[in-house]
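K.L.:
Be aware that the sequence shown starts at 0, since it is given in numbering that gives the first Met the number 0, and climbs by one per residue. Glycine included, C-beta positions come from ideal geometry on N, C-alpha and C. A single structure is presented below for examination.
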Amino acid sequence: MYIAVFMGPFGRGPRDDRALIHYCTEGAIKAAADGFSLVTFGEQHFNNYEPYCNPLMMGARLAPFLGDAYFGTSMCPLPYHNPILMAENINLLDQLLDGKLIVGFSAGRVGFSPDFENFGLDPKEQRAIYAEKFHALMMLWRHKLEDGPLTFEGKWVKGGMHGRVMPVSYRGPHPQFMIGTNTDETCEKVGREGNILSLGPCTLEEAAHKYALFRTGLDEGGYSEAYKAERLAKSLVHHQVVVATSDEQAWEDAQVMVGNNPMLRRDLDKRSLRQMFEDGEAGRTDMTQQEAANSKFVRSWFIVGNPDRVTEQLLAHQHAGIEQVLTRFTVGVYNPPLWDASYKLFVEQCLPSLEPQHFTAPSGDDVHPAVSAGPAPFQANAEYAAQDPRKFRLQTAEN
């Protein structure tokens with residue numbers, strides 16, 4: 000199967016920023032060398048989470064060092080971005096990575112931190128902003144110079160584009176991207192539109208259900224069997240992974256790593272993480288609303304245990320038709336010793352049994368025609384410059 004890794008740590012404040020940026024950089028290079036299929040970075044603002052902040056810049060930094068591994072983002076919240084700049088930046092990163100890029104798009108997260116307010120956006124219009132900016136991005140990526148100027152007259156995207164998006168992407172007709180969602184209706188839509196699906200944390204049963212909807216969408220889209228297989232292979236579900244020599248130690252480590260996670264209400268629920276997990280697995284019906292929510296959170300987010308148990312849980316995803324799992328070892332707030340111990344044990348004792356695979360690099364028709372063709376002949380450039388100096392000026396040694 001395909002095992003991806005997400006570099007997504009929490010910091011405690013500005014003193015952790017530099018250490019975490021370097022930790023994630025070095026960790027991504029190591030993960031690529033260790034056989035992970037995809038290395039992803041997220042985009043967060045204002046909240047000490049993923050303090051490198053800009054995944055595209057991290058991808059550019061890592062491009063020379065990832066070998067066969069792909070680079071991805073999990074996720075880029077489109078509402079915060081100018082679509083023209085986004086198209087240019089992603090195309091440039093696609094060039095630097097020779098097409099081994101899968102950019103994740105989302106509508107952003109409301110409530111975790113005041114992102115929308117800080118960017119001057121109304122969080123109530125989150126979905127509409129995303130839809131308009133996604134549509135503009137697709138128009139930009141499909142545009143050809145001979146089509147003439149593009150015009151945007153939306154509520155959040157105005158103006159237009161005279162000229163072309165540059166550089167062109169390495170992969171044609173545009174870089175690969177995945178859509179982040181856990182909504183049933185959107186999962187089916189992602190398949191119908193022929194895109195890659197990125198599920199946030201959810202239980203295996205939920206993930207299998209959402210993948211079934213995704214497959215239905217792919218079937219409805221009328222795509223070839225090869226194309227559907229490739230979309231399914233690159234789609235993924237995200238889990239935080241904690242491995243130790245015993246189940247007991249793994250849960251103790253997870254308890255330390257998670258600490259006071261803002262997504263877990265501990266004031267009304269004093270159970271350990273392990274008890275939350277086990278109560279959820281047992282299907283307890285006498286839990287309070289908060290206890291049930293916490294049990295659901297732990298079951299959705301975490302894969303915890305000794306190497307055999309963790310391997311078994313990941314293989315269960317493969318057996319359910321989920322070919323790629325996005326693992327995260329940077330669980331909780333800054334704790335390199337525990338992160339490293341869990342990662343090392345996973346690579347040594349889990350990964351070999353999972354028989355990790357890599358995705359192939361783009362070739363043939365998957366490469367943008369302009370990239371395949373290479374630079375135009377020098378004389379042709381000179382003739383073009385002579386005919387229309389306003390569009391192209393040739394600089395020579397003489398001038």
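Run through DSSP, which three-state label would Tyr48 get?
P.N.:
DSSP places Tyr48 in strand when its eight states are reduced to three.
K.L.:
In whole angstroms, what is the alpha-carbon distance linking Ala315 and Val309?
P.N.:
In a straight line, the C-alpha of Ala315 is about 10 Å away from that of Val309.
K.L.:
Quick check: the segment 70-84 against the segment 119-133, are there 3 or more CB pairs under 8 Å?
P.N.:
Contact holds: three or more Cβ-Cβ distances are below 8 Å.
K.L.:
Excluding the 5 residues preceding and the 5 following Leu267 in the sequence, name in chain order all residues of the same chain whose CB lies nearer than 6 Å to its CB.
P.N.:
Result list for Leu267: Gln289, in chain order.
K.L.:
With a cut-off of 8 Å, do at least 3 Cβ pairs link the segment 181-188 to the segment 214-225?
P.N.:
Counting Cβ pairs under 8 Å, three or more are found: they touch.
K.L.:
Within the same chain, show all residues whose beta-carbon is closer than 6 Å to that of Ala211, passing over the 5 residues directly before and after it, in chain order.
P.N.:
So no residue of the chain qualifies.
K.L.:
What number of angstroms, rounded off, separates the C-alpha of Glu145 from the C-alpha of Val164?
P.N.:
Cα to Cα, Glu145 sits roughly 12 Å from Val164.
K.L.:
Count the other C-beta atoms from every protein chain shown that fall within 10 angstroms of the C-beta of His318, then say buried if there are 16 or more, exposed otherwise.
P.N.:
Label assigned to His318: exposed.
K.L.:
If you follow the alpha helix (DSSP H) that Tyr222 is part of, which residue opens it and which one closes it?
P.N.:
Segment: none, Tyr222 is in no alpha helix (DSSP H) and carries neither H nor E.
K.L.:
Per DSSP, which residues does Gln317 bridge with? Please list them.
P.N.:
Note: Gln317 sits in no beta bridge, so no partner.
K.L.:
Beta-carbon separation of Ala3 and Leu37 under 7 Å?
P.N.:
In this structure, Leu37 lies closer than 7 Å to Ala3 by Cβ.
K.L.:
Per DSSP, what kind of secondary structure is Tyr169 in: helix, strand or coil?
P.N.:
DSSP places Tyr169 in coil when its eight states are reduced to three.
K.L.:
Would you kindly work out how many angstroms separate the C-alpha atoms of Leu96 and Gly103, rounded to a whole number?
P.N.:
In a straight line, the C-alpha of Leu96 is about 16 Å away from that of Gly103.
K.L.:
For His44, which option in Val109, Ile28, Asn88 and Asp307 has the closest C-alpha, if you only look at C-alpha atoms?
P.N.:
It is Val109.
K.L.:
Going by the DSSP bridge assignment, what does His237 pair with across the sheet?
P.N.:
In the DSSP output, where bridge partners are listed per residue, His237 has Leu325.
K.L.:
Under a three-way DSSP split, which group does Thr24 fall into?
P.N.:
Note: Thr24 maps to helix in three-state DSSP.
K.L.:
In whole angstroms, what is the alpha-carbon distance linking Tyr342 and Ala243?
P.N.:
Roughly 9 Å between the two C-alpha positions.
K.L.:
In the DSSP assignment, find the unbroken beta strand (DSSP E) run with Ala3 in it and report its ends.
P.N.:
Tyr1 to Met6 is the extent of the beta strand (DSSP E) around Ala3.
K.L.:
Within this structure, are the beta carbons of Tyr169 and Gly98 separated by less than 7 Å?
P.N.:
A contact, by the Cβ cut-off of 7 Å.
K.L.:
For the candidate residues Trp155, Gly153 and Met160, whose alpha-carbon lies nearest to that of Lys143?
P.N.:
For the residues Trp155, Gly153 and Met160, the minimum Cα distance to Lys143 belongs to Met160.
K.L.:
So the alpha helix (DSSP H) Glu131 belongs to, where does it begin and stop?
P.N.:
Its alpha helix (DSSP H) spans residues Gln125 to Arg141.
K.L.:
Please identify the residue among Val255, Leu353, Leu350 and Phe70 whose C-alpha is closest to the C-alpha of Lys233.
P.N.:
The option with the nearest alpha carbon to Lys233 is Phe70.
K.L.:
Report the rounded CA-to-CA distance for Asp16 versus His367, giving the unit in angstroms.
P.N.:
So the two alpha carbons sit approximately 37 Å from each other.
K.L.:
Based on the DSSP secondary-structure assignment, which residues constitute the bridge partners of Cys75?
P.N.:
According to DSSP, Cys75 bridges with Phe104.
K.L.:
Does the distance from the C-beta atom of Pro166 to that of Asn117 stay below 7 Å?
P.N.:
Not in contact: Pro166 and Asn117 (Cβ atoms no closer than 7 Å).
K.L.:
Using a Cβ-Cβ cut-off of 7 Å (strictly less than) and excluding sequence neighbours within five positions of Gly34, which residues of its own chain qualify?
P.N.:
Hits under 7 Å: Leu350 and Pro355.
K.L.:
Around the C-beta of Gln175, are 16 or more other C-beta atoms found within 10 angstroms, so that it is buried, or is it exposed?
P.N.:
Its Cβ being crowded by 16 or more others within 10 Å, Gln175 is buried.
K.L.:
Beta-carbon within less than 7 Å of Ala86's beta-carbon, same chain only, minus the 5 sequence neighbours each way: which residues are those?
P.N.:
Once the five neighbours on either side are set aside, the close Cβ partners of Ala86 are Leu136, Leu139, Trp140 and Val164.
K.L.:
Provide the residue span of the alpha helix (DSSP H) that contains Phe296, from first to last.
P.N.:
First-last of the alpha helix (DSSP H) with Phe296: Gln288 to Trp300.
K.L.:
Taking only runs that begin and end inside the segment 177-233, name each unbroken beta strand (DSSP E) of 3 or more residues, in chain order.
P.N.:
Those beta strand (DSSP E) runs which fall completely within the segment 177-233 and span 3+ residues are 195-198.
K.L.:
Only counting the same chain, and skipping five residues up and downstream in sequence, which positions put a Cβ closer than 6 Å to that of Gln239?
P.N.:
For Gln239, where only same-chain residues beyond five positions count, the Cβ hits under 6 Å are Trp300, Phe301, Arg327 and Val330.
K.L.:
In or out: Phe40 buried (at least 16 other Cβ within 10 Å) or exposed?
P.N.:
So Phe40 counts as buried.
K.L.:
Identify whether Phe151 lies in helix, strand or coil by the three-state DSSP scheme.
P.N.:
If DSSP states are grouped into helix, strand and coil, Phe151 belongs with the strands.
K.L.:
Can you tell which of Ala360, Ala372 and Pro376 has its C-alpha closest to the C-alpha of Ala68?
P.N.:
Among Ala360, Ala372 and Pro376, the Cα nearest to that of Ala68 belongs to Ala360.
K.L.:
Which partner residues of Met160 appear in the DSSP bridge assignment?
P.N.:
Partner(s): Leu149.
K.L.:
Let me know if Thr395 comes out buried or exposed under the rule of 16 or more other beta-carbons within 10 Å of its beta-carbon.
P.N.:
Here the model assigns Thr395 a pLDDT of 39, short of 50, so the residue's position is not dependable and the matter cannot be decided.
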